[in-house]
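Keeping their order, the protein sequence lines are chains A, B, C, D, E and F. Sequential numbering from 27 applies to the first sequence in our numbering. Sequential numbering from 27 applies to the second sequence in our numbering. Sequential numbering from 27 applies to the third sequence in our numbering. Sequential numbering from 27 applies to the fourth sequence in our numbering. Sequential numbering from 27 applies to the fifth sequence in our numbering. Sequential numbering from 27 applies to the sixth sequence in our numbering.
Number of protein chains: 6
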Amino acid sequence: MKFIGAKDSGKVVIFGVPYDGTTCFRPGARFAPDGVRFFSENLETYSPALNRDLSSVEFTDAGNLEVSALPEKMVEEVEDFVNRIEIPVMIGGEHSVTYPVVRSLKKSYNNLTIVHFDAHADLRDEYSGTKFSHACVVRRILELGCRIVQVGVRSGTREEFKLIKEHPLIEKVDIKDLPQRLMEEQFVYFTVDIDYFDPAFAPGTGTPEPCGGSPVEFFEILYNLPPVKVVGFDVVEVSPPYDPSGVTRMLAAKIIREMILKFWGGEPC
Amino acid sequence: MKFIGAKDSGKVVIFGVPYDGTTCFRPGARFAPDGVRFFSENLETYSPALNRDLSSVEFTDAGNLEVSALPEKMVEEVEDFVNRIEIPVMIGGEHSVTYPVVRSLKKSYNNLTIVHFDAHADLRDEYSGTKFSHACVVRRILELGCRIVQVGVRSGTREEFKLIKEHPLIEKVDIKDLPQRLMEEQFVYFTVDIDYFDPAFAPGTGTPEPCGGSPVEFFEILYNLPPVKVVGFDVVEVSPPYDPSGVTRMLAAKIIREMILKFWGGEPC
Amino acid sequence: MKFIGAKDSGKVVIFGVPYDGTTCFRPGARFAPDGVRFFSENLETYSPALNRDLSSVEFTDAGNLEVSALPEKMVEEVEDFVNRIEIPVMIGGEHSVTYPVVRSLKKSYNNLTIVHFDAHADLRDEYSGTKFSHACVVRRILELGCRIVQVGVRSGTREEFKLIKEHPLIEKVDIKDLPQRLMEEQFVYFTVDIDYFDPAFAPGTGTPEPCGGSPVEFFEILYNLPPVKVVGFDVVEVSPPYDPSGVTRMLAAKIIREMILKFWGGEPC
Amino acid sequence: MKFIGAKDSGKVVIFGVPYDGTTCFRPGARFAPDGVRFFSENLETYSPALNRDLSSVEFTDAGNLEVSALPEKMVEEVEDFVNRIEIPVMIGGEHSVTYPVVRSLKKSYNNLTIVHFDAHADLRDEYSGTKFSHACVVRRILELGCRIVQVGVRSGTREEFKLIKEHPLIEKVDIKDLPQRLMEEQFVYFTVDIDYFDPAFAPGTGTPEPCGGSPVEFFEILYNLPPVKVVGFDVVEVSPPYDPSGVTRMLAAKIIREMILKFWGGEPC
Amino acid sequence: MKFIGAKDSGKVVIFGVPYDGTTCFRPGARFAPDGVRFFSENLETYSPALNRDLSSVEFTDAGNLEVSALPEKMVEEVEDFVNRIEIPVMIGGEHSVTYPVVRSLKKSYNNLTIVHFDAHADLRDEYSGTKFSHACVVRRILELGCRIVQVGVRSGTREEFKLIKEHPLIEKVDIKDLPQRLMEEQFVYFTVDIDYFDPAFAPGTGTPEPCGGSPVEFFEILYNLPPVKVVGFDVVEVSPPYDPSGVTRMLAAKIIREMILKFWGGEPC
Amino acid sequence: MKFIGAKDSGKVVIFGVPYDGTTCFRPGARFAPDGVRFFSENLETYSPALNRDLSSVEFTDAGNLEVSALPEKMVEEVEDFVNRIEIPVMIGGEHSVTYPVVRSLKKSYNNLTIVHFDAHADLRDEYSGTKFSHACVVRRILELGCRIVQVGVRSGTREEFKLIKEHPLIEKVDIKDLPQRLMEEQFVYFTVDIDYFDPAFAPGTGTPEPCGGSPVEFFEILYNLPPVKVVGFDVVEVSPPYDPSGVTRMLAAKIIREMILKFWGGEPC
């Protein structure tokens, strides 16, 4: 099974990381890569909003990475893989899988900004006995020296919210201000935790948090982003066992299609 | 089991067509007629918005049609049935069941306009080896010479969207403009594919497509439609196996109640 | 299992009433108290919106009441319990459990106003052979002489809507007008039937009714309530068997956290 | 929806009692009557084991009784109904619905023996505040003066097992001995709690208890019963919400078909 | 996704036919091929009972056939495919997919015996308006002139059972007698409808029928079959939507592994 | 929530380890401890087979251990806990949680025999990048110098089955021979992987393997064990997300009740 429209080769490389080993509440994100691909097959390759078609984009689907149960090893395995490809488009897995992707990209793009869609701050220093927990992923990325632009964060500890206010590299913006905010950025990576969205739109996730964003608004903003250089993106925390109707997987598939078409889709037909 | 408020007779005739034989992704719409009736029993017969009550409307529930597995035969069987009734209110089944209803009505109402609520264009010429696939239903209806007013279509191939733009009989309107658009129509049939709605409101459908309409907006527009002559309507593509909480069936039941009360409900109490 | 942040003692007392004995359609609300507590453990204790934390509030979780199958006995058992505590925060159970709480409070607070969030009027005189049905709960409360402020009611019989219009003690208000409306009230009790919300946000309930409110709006109004004296609240009709993704239980848990913090949470940190 | 093969009239009368108001653990038996009928439609009317066909039996399906939420009232309503029919074949509902059927039959058949298939003794005097709980049903029947033959009971309190040993009217027999045991009985009523069967064969029930009987053995014994006069039977405690694959409903439907054909099926074809 | 142990080439060819277009009750068998492969990945390649390992067998997995919605076309498409391979191992799909495989094989092996494991006779002449329904598949095969050995059939119409008794080419045998019965056969094809098994062991099927066989017995007989020449086999009617725990898919995967190892597995290690 | 019948203190200590961090296929065993306790509440405390009652046994329920996501840390945390109690009765979690229990017990009981009920050999040296995987647990225990008696193992690699044959400390016995085999043992620990049972009886497990044992046989053997000194036991690999009807959790609860009553239940009443 490959993502709809995937070619035999291309510099944009979709891959799955079926990992949820540090999930503290409800595991299941490991089933997301295949689940999202299955639903992608019932999306059209054509986007009416962008008037572009996946059939004219060079991207490939490298399948899933077999990773270890231990987060430290998983991090190395994912980084090794990303070192060898050009533009990563990752389907998680829980959010901990984003760290190795960013660590790899940071070596090529020193001036890297992470746009972080999420309900949760993910800024803890350690959690469940490991520094590589999904709950620590943005803290680790911060330590790499990336700028973080957070969108939709509405849950965290008092300490995490204090850090957001005080740390010079993090900033919380309203989604409406995102296009303006990205005007001057050099290299951008998007990490979309599906629980950014309201649980009404994305029930299939481990830790749903009420009061999130809507897909209509998300796509409108996406279509209006300035022409920054996007070096990759991921969609994480989709959990098929909690997605009985498939609407979350379908949303993830559409996000991937629209982001590929927006960032690397070439001219409208 | 009958739809709530149904009488022993009446010119408005509810019937179910438990058919999903050409469904290409996830079958299940065959269970919709009984599923919607079951939920209708927990709706009130009274509509506070319209201040009307089903108890004062003459409509009946004819049960389900037993149809063949082959789409060509199903089309004939449904058309035969509709030929014998006055005002059809059909609960699908997948969308292919709409074609025979319209073909039957077209014989009585030459100047017929179809209002088509849907996420998908359904304008393919052939699909899965048949011209009577759910994915071809609007194309077939177009060939009958009906005018098509599409609302909510947000998925299709490039060719389908080209056809929408170019064909003189089809037109895509924003739901807000629907009342104005219908001002001058003579005879109107409504076909409501439940995936018109955002999957948040109608997860129980075979092929959910993000970014759809909301029930609040739908009913507001419905209440404000001009007094056109409505010759029937259907609600299709509800799929109980993907509706674990029942909210999609309940929405379908409410659509049916409100449409019956709006179109044939007589004076407010 | 206790609600997150609960202490060993405190005048605010959370308790569950796992009762759904008069439910006419789909039982399951009996599983809500434990279900909501389970999800509360994956909420943070900190509310970024209120900048308050449950760790600084004195409230306790008394567990679940073991109640009889007969509604008359259940009513007595719940009232007996509430007589012995100071500020009740109840997790239902179906809506019938609200009556004994209010009956107990009415003895202490003569001038008591009930804010009733619900899709259904719940104003029948008798239902399924009992006066203590969930469908009669507001009628019974009315008989106690409480003022009722209804928010979100969109389903009922013609008679119920007539009663709302005509009875001097009931009033239906738009949620936007609630802060203004409560300005002058002396003692207020909130009863939140989770089906107040649109089924998109709260699918896990016995009788979902389309076209409800959104959590974003609910919390905004909550945050802006005037400083009335709140003597307790409940969240009822959450039904875990119809909540496969858990989003309804998570919403209920967040409502409880935010209401406790808003009403009894002291100073922001 | 009617049970497969049901006629417009007949002295054998199938009816459903969708009642689970005293269920202490997991409600859902209220959905059994319609659930069993739905599966019956995918059974053949012909029994190869008995070489008989439902098409040659005069039996009818009277639909479901609408009963009150209160067990005392439900008991009266069911008894009233059974008083007016000849041979009751009831689909429960929880086990409490058996008491009114037996109370009605006892008036006609003084010398009545109840064959009770069940995992649980159901011999408590009171439970959840009522004497009409499902957990008390055999105790109530015992008080009517019926003889009880229990098969498969493997769960209960020490007191219940003591009662079984000591009470002159109850007796626990191995299923293999049932044909012999019934040789001399005059009038027999069968009550089959579906949890008699091992949960492997009947998972869809409120309180599954490991180590039950198998359908193969059950039907073999049934086919070999002596020609006693059977005055009715019931199948209770099927719970569709816990029967995701439908195997429990299908088993119940087959039990009903085979029992009707065995007891009142006339000559083999 | 490929079946565990599959090689890049080999004369034994696994393929899936995701077709359930004539299913009259509960569709879903279309999801079986991928579902069985997914579970096969959690089987070992080694069979302790046979002391053989898939790693030493030359077999390949050709993926799924994309077939039309119309049964007539599907039959041609499957036959075309089977004409081009040597030894077919098919994962259905509903049972109608077996006919084209046998029709293709019959051209090479004139003296062909079909061993038919099933709960249902599948001997109707026409069903749901088509002669290629799953309910007619054995009737069609019979018309090809194959000998049919039925095992486990326990449901059908009186006419079907009469046909079994009277037709010279069909025979119903007890599974215990199968090894003896196959002693003299020249070419054998096995078709295993998963509903042969008791629903306890294989709940995930469209039309479960109580009182079926057990896997332990099935495998014991399989291991003891005489060395007949097996020209292919299939496993059909596995329905993932009704298999929430996956036990049916796992059973199907094990049947495929054990049959491949038994028939074409070479010498024990 | 505590296990039914648990006291405030006692030397027999039930505890849960909600850990499934190395699960390679389908996680979910983390939800077992609370799931099994929930079902235990609907078991009676009395065992008719043993004529003993939990009310007369001194055992306590210590709740769940909060463990790290990393297997190495989890192993230390569990061992630390077991060091401090007398007789451990553990509810897993995946099978990896057994190793630390045995490691702790081995310090007190040098001559320790492990009776290992399981479908899988669990004898790999390393898996998914860790030596503490569930798939390695018996290998690790072997290295501690314990004798292993395996019952029900029917899946593994060729190497694992070779090890079973050749290693002097492991032995595979038929369950019927277990009482005889344990005659001479000094100290015995039982570890029951629920997938020992046939998936028909225990579908709710991560990796079901066909052809397992039955509960009836298991309990018969248990009741007939010789009076060896049992130093603890565990039940692992119950996975509630794959146990929609609850039958697996109920079986686990009954195993725990019967084992406690058999080993430490004192005199029959």
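Heads up, the beta-carbon is just placed ideally off N, CA and C, and yes, glycines get one too.
Would residue i and residue j qualify as a contact pair, given that the criterion is a beta-carbon distance under 9 Å?
i         : j         : result
Leu168(F) : His193(F) : yes
Ser181(C) : Phe158(C) : no
Val264(D) : Val62(D)  : yes
Val56(A)  : Pro53(F)  : Contrary to the premise, residue 56(A) reads as Arg rather than Val in this sequence. Yes, the Cβ-Cβ distance between Arg56(A) and Pro53(F) is below 9 Å.
Ala58(C)  : Arg275(C) : yes
Val177(B) : Tyr215(B) : no
Ala147(D) : Val179(D) : yes
Ile282(A) : Val115(A) : yes
Phe213(F) : Val257(F) : yes
Cys162(D) : Thr139(D) : no
What would DSSP say about residue i, mapped onto helix, strand or coil?
i         : result
Ala278(A) : helix
Ile30(D)  : coil
Asn109(D) : helix
Pro69(A)  : Looking at the sequence itself, residue 69(A) is Leu, so the reference to Pro does not match. The answer is coil: DSSP assigns Leu69(A) none of H, G, I, E or B.
Tyr222(B) : helix
His142(E) : strand
Lys37(F)  : coil
Ala147(B) : coil
Gly61(D)  : helix
Roughly how many angstroms separate the alpha carbons of residue i and residue j, rounded to a whole number?
i         : j         : result
Leu80(B)  : Thr71(B)  : 5 Å
Gly292(B) : Val83(B)  : 7 Å
His142(A) : Val262(A) : 11 Å
Val93(A)  : Val93(C)  : 50 Å
Glu102(D) : Gly89(D)  : 18 Å
Ala145(C) : Ile174(C) : 15 Å
Phe41(F)  : Val43(A)  : 33 Å
Could you give the first and the last residue of the continuous alpha helix (DSSP H) run that contains residue i?
i         : result
Leu168(E) : 163-169
Leu204(C) : 204-208
Val128(B) : 124-134
Phe244(C) : 241-249
Phe85(A)  : Where Phe85(A) is concerned, there is no enclosing alpha helix (DSSP H), although the beta strand (DSSP E) it sits in stretches over 85-90.
Ile190(A) : 184-192
Output, in chain order, the set of chain I residues within a Cβ distance shorter than 7 Å of residue i.
i        : result
Thr48(C) : Given the protein chain composition of this structure (A, B, C, D, E and F), no chain I is represented.
In terms of residues, what are the limits of the beta strand (DSSP E) holding residue i?
i         : result
Ile196(D) : 196-198
Lys255(E) : 255-262
Ile174(F) : 173-177
Please indicate yes or no: does the CB of residue i lie closer than 8 Å to some heavy atom of the ligand FMN?
i        : result
Asn77(E) : With respect to the ligand FMN, the structure offers nothing, as it holds no ligand at all.
Legend entry - Cβ-based contacts, 7 Å cut-off: residues of the segment 136-155 of chain D near chain C: Ser154, Gly155
Inset, instruction - Could you name the residues of the segment 263-282 of chain A whose beta carbon sits closer than 8 Å to any beta carbon of chain B, in the order they occur along the chain? - result: Pro270, Ser271, Gly272, Val273, Met276, Leu277, Lys280
Legend entry - Members of the segment 97-112 of chain C that neighbour chain D once the beta carbon cut-off is set at 9 Å: Pro97, Glu98, Lys99, Met100, Glu103
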